[in-house]
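Asker: Residue numbers (my numbering): 152 to 483.
No residue lacks a Cβ here, since even glycine has one placed at the ideal position from N, Cα and C.
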Ligand code: EPU
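#1: I'd like to confirm something about residue 463: is its beta-carbon nearer than 6 Å to some heavy atom of ligand 1, or not?
#2: Short check: CB of residue 344 to CB of residue 436, under 7 Å?
#3: Name the residue from 267, 184 and 331 whose alpha carbon lies nearest to the alpha carbon of residue 311.
#4: What does a CB cutoff of less than 8 Å around residue 445 pick up in its chain, not counting 5 residues either side in sequence?
#5: First and last residue of the alpha helix (DSSP H) that includes residue 281?
#6: Return helix, strand or coil for residue 471, following the three-state DSSP convention.
#7: Under the rule that 16 or more other beta-carbon atoms within 10 Å means buried, what is residue 214, buried or exposed?
#8: With a Cβ-Cβ cutoff of 7 Å, do residue 331 and residue 230 count as a contact?
#9: Quick one: measure Cβ to Cβ for residue 449 and residue 381, integer angstroms, because I've assumed they're closer than 8 Å.
#10: Would you say the segment 382-399 touches the segment 410-421, given that touching needs at least three Cβ pairs under 8 Å?
#11: Look up residue 437 in the DSSP assignment and say whether it is helix, strand or coil.
#12: So does the segment 207-226 actually touch the segment 169-181, counting three or more Cβ pairs closer than 8 Å?
#13: By the DSSP assignment, the beta strand (DSSP E) with residue 445 in it spans what residues?
#14: Could you say which of 206, 438 and 288 lies nearest to residue 237 if we only look at CA atoms?
#15: Would you mind working out which of 323, 364 and 447 sits nearest residue 342, comparing C-alpha positions?
#16: Please report the residue range of the alpha helix (DSSP H) in which residue 242 lies.
#17: Does DSSP classify residue 200 as helix, strand or coil?
#18: How would you label residue 286, buried or exposed, when you count the other beta carbons within 10 angstroms and need 16 or more for buried?
#19: If you draw a straight line from the C-alpha of residue 340 to the C-alpha of residue 357, how long is it?
#20: Can you give the Cα-Cα distance for residue 294 and residue 185, rounded to whole angstroms?
#21: Starting from residue 478 and walking both ways along the beta strand (DSSP E), at which residues does that stretch end?
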């Protein structure tokens, strides 16, 4: 279905209108609409990780509305499930938990949809969505052919994938195939989840704990505009991490691939005294410094000015450069 001048929902609550908006419920529908879609193109999910720097996107915004979930196979160990890219992510998690399937529960309550989850490799509480992805089914918008990518071909890293790269953008995610465990397998290494007592350890209990932890720290997009973590946690060399630790012995640090070290951007922003800081109608969230919020009526300029102030302040104090996790959409 093609719409003209359609507002694009985004959890930051910023004004954004697409000159052309294509919502498709099947690959056939997408193929039919592509010839009438002016460029540039932007493929969006639930709008929970976007910052529209301009109130109008003159090209085409595509939205996948494929929302079926189907079981493809099941054996004694695992079940293989296909979910349309337009399925609301947390609905999928709830569905897995209700069926007694393990692997998605730590990712409860993350806003957004299945397709975008696979593009961004969403993660929380020691889990990443790549851990349960079997393959990603896409439409190559150049050849107009469908193409499936195995997990290895998706090139997953921390909040990154091939689909986020320049070469990967032409592949629109249609659906995602997941493999979940039917035998109990919990991932409770992360702080807050360690406290669940073993007699009450169930999938539902883990989901509830994750939801409670998120609700305590992260704003509800229905109440306060935000896009979750605004910045990625920076990854630095071991040498840099050691010198920071010598100066700040309580700095959280986590091992990252290739001998690198991941730092906590939220902790650094907090240490700069910026938690709860307000600038015009934008702010650093008072309960989690990694989240920038729209306190009502903020413009994209106000949010970006605040983001730049945070980047400069952290760089001056720690010598580390933060990069946005949020996708900033320039004028179309
Ligand atoms: N911290 C502070 N002050 C703050 C925020 C954090 O001192 O204001 C400290 C915490 O005490 C902790 C450390 O920093 O020692 C890490 O904080 P937290 O566990 O809250 O996680 P995070 O690294 O800030 C990441 C993800 C979140 C995810 C949480 C939980 C990124 C960019 N963010 O945040 O994901 O929910 O871990 O696993 O990786 C998102 O991507 O939108 C998101 C919310």
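Answerer: Answer, in terms of the structure:
#1: Every heavy atom of ligand 1 is 6 Å or more from the Cβ of residue 463, so no.
#2: no
#3: 267
#4: 163, 164, 165, 375, 376, 377, 432, 433 and 454
#5: Membership of residue 281 in any alpha helix (DSSP H) is not indicated, and neither H nor E is assigned to it by DSSP.
#6: coil
#7: buried
#8: yes
#9: No, residue 449 and residue 381 are not in contact; Cβ-Cβ is about 13 Å, not under 8 Å.
#10: yes
#11: Residue state, collapsed to three classes: coil.
#12: yes
#13: It spans 442-445 - the beta strand (DSSP E) in which residue 445 sits, taken as one unbroken run.
#14: With respect to the C-alpha of residue 237, the residue from 206, 438 and 288 having the closest C-alpha is 288.
#15: 364
#16: 240-250
#17: coil
#18: buried
#19: Between the C-alpha atoms of residue 340 and residue 357 there is a straight-line separation of about 12 Å.
#20: 12 Å
#21: 478-480
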